[in-house]
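Just so we're aligned, residue 12 is where the sequence shown starts under the numbering used here, counting upward by one. All C-beta atoms, glycine included, are put in the ideal place defined by N, C-alpha and C. Below is one structure, written out as structure tokens, with a few remarks after it.
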Amino acid sequence: MPYLSLSWLRDHVEVPGETTIAEVAEALVSVGIEEEEIHPAKVIGPLVVGRVLSVAPETHSNGKTVNYCRVDVGPYNDEPGTGKEHSELASRGIICGAHNFTVGDRVVVALPGAVLPGPFPIAQRKTYGHVSDGMICSERELGLGQDHDGIIVLDRQFPALSELAVGEDLIGPLQLGEEVLEVNVTPDRGYAFSIRGLAREYSHSTGAVFTDHGLAGELPPASDQGFTVEADPELCDRFVTQVVRGLDPHAPTPQWMVDRLEQAGMRSISLPVDVTNYVMLDLGQPLHAYALESVAAPIVVRRAKAGEPFTTLDGVERELSDEDIVITDSPNGQAGSRLIGLAGVMGGLDSEVGEHTTDVVIEGAHFNSVSIARTSRRHKLSSEASKRFERGVDPELAPVAVQRTAELLVQYGGGQLDPVRFDLDRTVPLPAVRLRLSEAERLTGRSYAPERIVEILELIGAQVTRDGDELVVQPPSWRPDLTGPAHLVEEIARIDGYDEIPTRLPATATSAALTPIQTTRRRVAQTLAQAGAVEVLSYPFIGSAHDRQHLAADDPRRQALRLRNPLADDAPLLRTTILDSLLDVAERNAARSNPRLAIFELGSVTLPAGTVPAPIPGVSQRPTEAELAALHAGVPAQPWHVAGVYGGPLGPSAVLSPTRTWDWADAIAQARRVASAVGVDLQVTRAWVPADTPRIPGPPVPTPAAAPEAVAPWHPGRVARLYARRGKALVEVGLAGELHPQVVSEYGLPARTAAFELDLDLLHDLVQAEPVQVEKVSVYPVAKLDLALVLPQTVPAADVERVLQQSVGPVLESLQLFDIYQGSQVAEGSRSLAYSLTLRAPDRTLGSKEVAKLREKAIHDLTKRLGAELRA
Numbered sequence: 012m013p014y015l016s017l018s019w020l021r022d023h024v025e026v027p028g029e030t031t032i033a034e035v036a037e038a039l040v041s042v043g044i045e046e047e048e049i050h051p052a053k054v055i056g057p058l059v060v061g062r063v064l065s066v067a068p069e070t071h072s073n074g075k076t077v078n079y080c081r082v083d084v085g086p087y088n089d090e091p092g093t094g095k096e097h098s099e100l101a102s103r104g105i106i107c108g109a110h111n112f113t114v115g116d117r118v119v120v121a122l123p124g125a126v127l128p129g130p131f132p133i134a135q136r137k138t139y140g141h142v143s144d145g146m147i148c149s150e151r152e153l154g155l156g157q158d159h160d161g162i163i164v165l166d167r168q169f170p171a172l173s174e175l176a177v178g179e180d181l182i183g184p185l186q187l188g189e190e191v192l193e194v195n196v197t198p199d200r201g202y203a204f205s206i207r208g209l210a211r212e213y214s215h216s217t218g219a220v221f222t223d224h225g226l227a228g229e230l231p232p233a234s235d236q237g238f239t240v241e242a243d244p245e246l247c248d249r250f251v252t253q254v255v256r257g258l259d260p261h262a263p264t265p266q267w268m269v270d271r272l273e274q275a276g277m278r279s280i281s282l283p284v285d286v287t288n289y290v291m292l293d294l295g296q297p298l299h300a301y302a303l304e305s306v307a308a309p310i311v312v313r314r315a316k317a318g319e320p321f322t323t324l325d326g327v328e329r330e331l332s333d334e335d336i337v338i339t340d341s342p343n344g345q346a347g348s349r350l351i352g353l354a355g356v357m358g359g360l361d362s363e364v365g366e367h368t369t370d371v372v373i374e375g376a377h378f379n380s381v382s383i384a385r386t387s388r389r390h391k392l393s394s395e396a397s398k399r400f401e402r403g404v405d406p407e408l409a410p411v412a413v414q415r416t417a418e419l420l421v422q423y424g425g426g427q428l429d430p431v432r433f434d435l436d437r438t439v440p441l442p443a444v445r446l447r448l449s450e451a452e453r454l455t456g457r458s459y460a461p462e463r464i465v466e467i468l469e470l471i472g473a474q475v476t477r478d479g480d481e482l483v484v485q486p487p488s489w490r491p492d493l494t495g496p497a498h499l500v501e502e503i504a505r506i507d508g509y510d511e512i513p514t515r516l517p518a519t520a521t522s523a524a525l526t527p528i529q530t531t532r533r534r535v536a537q538t539l540a541q542a543g544a545v546e547v548l549s550y551p552f553i554g555s556a557h558d559r560q561h562l563a564a565d566d567p568r569r570q571a572l573r574l575r576n577p578l579a580d581d582a583p584l585l586r587t588t589i590l591d592s593l594l595d596v597a598e599r600n601a602a603r604s605n606p607r608l609a610i611f612e613l614g615s616v617t618l619p620a621g622t623v624p625a626p627i628p629g630v631s632q633r634p635t636e637a638e639l640a641a642l643h644a645g646v647p648a649q650p651w652h653v654a655g656v657y658g659g660p661l662g663p664s665a666v667l668s669p670t671r672t673w674d675w676a677d678a679i680a681q682a683r684r685v686a687s688a689v690g691v692d693l694q695v696t697r698a699w700v701p702a703d704t705p706r707i708p709g710p711p712v713p714t715p716a717a718a719p720e721a722v723a724p725w726h727p728g729r730v731a732r733l734y735a736r737r738g739k740a741l742v743e744v745g746l747a748g749e750l751h752p753q754v755v756s757e758y759g760l761p762a763r764t765a766a767f768e769l770d771l772d773l774l775h776d777l778v779q780a781e782p783v784q785v786e787k788v789s790v791y792p793v794a795k796l797d798l799a800l801v802l803p804q805t806v807p808a809a810d811v812e813r814v815l816q817q818s819v820g821p822v823l824e825s826l827q828l829f830d831i832y833q834g835s836q837v838a839e840g841s842r843s844l845a846y847s848l849t850l851r852a853p854d855r856t857l858g859s860k861e862v863a864k865l866r867e868k869a870i871h872d873l874t875k876r877l878g879a880e881l882r883a
């Protein structure tokens, strides 16, 4: 993120003296530069000029000698008995351990309430038998340098401040009080990753006069006699080198530059490195300095060889790709044989500027931005240079930045420029963009005068010529993002002011309602929530879910779609059932000791079976209808399902009755509740029947004899297959029952955990195809009938209920199983099922004879189809 201070901003643009950093942030926001944070100043006052009135040395038991000083701090003096009022005799008492000052010296005093770098708050405290009412500061304590041998004596160390009065503020004069603005720049506006670019934007916002220090201006002419470079123009279209000799290797970086680097989050390293970093931050051009004795001309910019090793400045050896751009030199006359830098990202150890380096080669280049971005991500190496190159750097900036760097090295390092500079320049202007004058109004809804459009485009640095009702716009070299009319309109809108664009509410339909499928989904969610379950939302990405559920190797649910670029390497597939991801949620809940598990989810699943991938059409023209049809056909089916997982106690534990836990019957009941909410009546049958089980003639519901794995992850003996009617046929819509003990153990779920899953889209389609008819409420009385039947244990109760419904017909209002008996009073291998039937006709009262006939018919059908006997 770029950082900005007021003093640095004023180097490029005229900022009024009373302007605050918050006002600068507000101005930048108005042109699209987002404020990230305002960092406080290095020192928070009061920090004032003090005059030493007295010094009393005292030696204490620890052998240390300290001075108890009375210091005049002007209006901040504390006169005993009269409060904080100024008088000639008033002063503050301060303990100081330094001895390089005497009475009459003017010093820097931090008063209680001040905060020094660290942060180190200053407060009144008792020490060495006195109350110290502040602190007399050294350079290191203020962050002005490393000197801590004594405190600052202003008249000796800062003679320019000798005119300041006692008690006057020192934060401004010592440049300790600058707040720093951190901003967030969008990736398409790389020019704003510099003080130069931010100053330009501030000028656009406020109209302040901007001076562009990045223009070529008066530069020494380039020559082929300099430190030569060879480069492929597709990789690097600009490369400038300048040699500076005779640098003092121990020359310190000026404090003002160190301060600005620290404002930007950088630490001072050495003068050559600091200067290149500072110019990069200031102008936006990444630079690099090589030790001249470590490199041999010519420098060659080329593609790396696959697997080529290179050790970067951070000491890490990296294996390069043939897509990386590298900077090489030519030792022993072998052009491009040795790597000295990973272009646009980081230099190498072999050519690093060291503590004894006196001669350097300064490099300023312009590389292919896409390649730099890929290299940075490939090697997970993000540098300040790569951040700028991948966003776009002004190709005309390299010679200006190199010259500025060289001048600073000469000024502060005592070096001397070589008389020639090398400049490999193969840059081409950015393509011109044609803009219809009406386009701005079409895209923004605001009318702009042609003169205003031209004014704004020229303000951002573009060259504009008019061609009838169109403008031919040549973008400036620092704006490679301006490639189409919409980009120019965006500039017009933001410079003129987004707040000038009128606000119009979109026209809305007079009646808005949920679609039928939305209504179905919402009704299902509400139904399950009202039944005591909690809705969850899981990610549809899975890894080993099918193995954990013990699905058979040939199970069609294993045919999952694999993502080309998954968010997580351990979850590269898209789920084919909701349980694939819902069981993970259940596992996390159980692992966190959630005693009651009742969760459900509605969401899409991906079923790629039968999908034929379509080729990706080109972008040169609109896809044909056949290509569009192929693309649509290549999209896998993604129906919505609903699933639930239930385990542990059904509710809070009761005092006088045992606590019941969720079981397979509850899962089936929840599935039926969902179908009922949609408007579908489910029919239930066993999901798996062993091949050797005798088949009893019964209703036409499929009961496949398959391997137990076919119903995984459910228990094969405690799972039901759920059907719904479509016309005269039955279609399978889901499964419900108890999970397999191995799956329960695998996921760490409560014993006998149950689950269900239904195809919600299929249920919805069934209702849409055959809308539910609401039956008329009958006013006639009911007739009740009880039947106790003895049947083989292998006959499911659901089969009995279907036969009763078919036999009794439409007068059957309700059917309730109220007793199950197995014991000595029935034959071995059989059980007794007792049902209560409620009968009611819509148009008449049912007589005893009619009820008796219905009873006889039901018993006859049960005996014939299921082998039932009436229990005495």
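- Here the alpha carbon of residue 234 sits roughly 41 Å from the alpha carbon of residue 192.
- Out of 426, 582, 238, the CA that lies nearest to the CA of residue 434 is found in 238.
- For the segment 255-300, the continuous alpha helix (DSSP H) assignments of 4+ residues that do not extend past its boundaries occur at 266-274, 282-294, in sequence order.
- When DSSP states are grouped into helix, strand and coil, residue 605 belongs to the coil group.
- Taking a contact to require three or more Cβ pairs closer than 8 Å, the segment 295-315 and the segment 365-374 qualify as touching.
- Around the beta-carbon of residue 391, fewer than 16 other beta-carbon atoms lie within 10 Å, marking it exposed.
- Here residue 359 has 321, 322, 323, 324, 350, 351, 352, 353 as same chain residues with Cβ atoms under 8 Å from its own Cβ, once five neighbours each way along the sequence are excluded.
- An exposed status is given to residue 791, since fewer than 16 other beta-carbon atoms sit within 10 Å of its beta-carbon.
- As summarised for the segment 340-383, the continuous beta strand (DSSP E) elements at least 3 residues long and confined to that stretch are 349-353, 371-378, given in chain order.
- Note on geometry: alpha-carbon atoms of residue 245 and residue 645 lie some 37 Å from one another.
- Under the DSSP assignment, residue 35 falls in the alpha helix (DSSP H) whose first and last residues are 32-40.
- Under DSSP, residue 164 forms a beta bridge with 118.
- When rounded, the separation of the alpha-carbon atoms in residue 699 and residue 634 is 48 Å.
- Between the alpha carbons of residue 872 and residue 818 lies a gap of roughly 7 Å.
- If you draw a straight line from the Cα of residue 539 to the Cα of residue 43, it comes to about 47 Å.
- Per DSSP, the beta-bridge partners of residue 70 are 76.
- Residue environment: residue 71 is assigned as exposed (fewer than 16 neighbouring CB atoms within 10 Å of its CB, all protein chains considered).
- If you compare the alpha carbons of 410, 24, 501, 317 with that of residue 438, the shortest gap goes to 410.
- Using a 10 angstroms sphere on the CB of residue 495, the tally of other CB atoms stays under 16, which defines it as exposed.
- DSSP assignment within the segment 734-803 yields the following whole beta strand (DSSP E) runs of 3 residues or more, N-terminal first: 740-750, 765-770, 794-803.
- For residue 652, the beta-bridge partners assigned by DSSP are 614, 770.
- As computed with DSSP, residue 312 is found in a beta bridge with 242, 338.
- A distance below 6 Å between beta-carbons, with the five flanking residues on each side excluded, links residue 449 to no residue of its chain.
- At a Cβ-Cβ threshold of 8 Å, residue 594 and residue 656 count as neighbours.
- Within the same chain, and ignoring the five residues on either side of residue 508 in sequence, the residues whose Cβ sits closer than 8 Å to its Cβ are 41.
- Annotated as distal: residue 876 and residue 793, with beta-carbon spacing of 8 Å or more.
- A distance below 8 Å separates the beta carbons of residue 417 and residue 253.
- The beta-bridge partner set that DSSP reports for residue 137 consists of 142.
- When the alpha-carbon of residue 406 is set against those of 488, 463, 474, the nearest one is in 488.
- Per DSSP, residue 498 lies in no beta strand (DSSP E); the unbroken alpha helix (DSSP H) holding it starts and ends at 496-507.
- When rounded, the separation of the alpha-carbon atoms in residue 36 and residue 178 is 32 Å.
- Closest in alpha carbon position to residue 447, among 459, 436, 471, 481, is 481.
- In the structure shown, the three-state DSSP call for residue 866 is helix.
- Listed in chain order, the non-local C-beta contacts of residue 65 below 7 Å within the same chain comprise 80, 81, 114, local neighbours out to five positions each way being set aside.
- The beta carbons of residue 83 and residue 61 sit closer together than 8 Å.
- By the beta-carbon neighbour count (other beta carbons within 10 angstroms, threshold 16), residue 573 is exposed.
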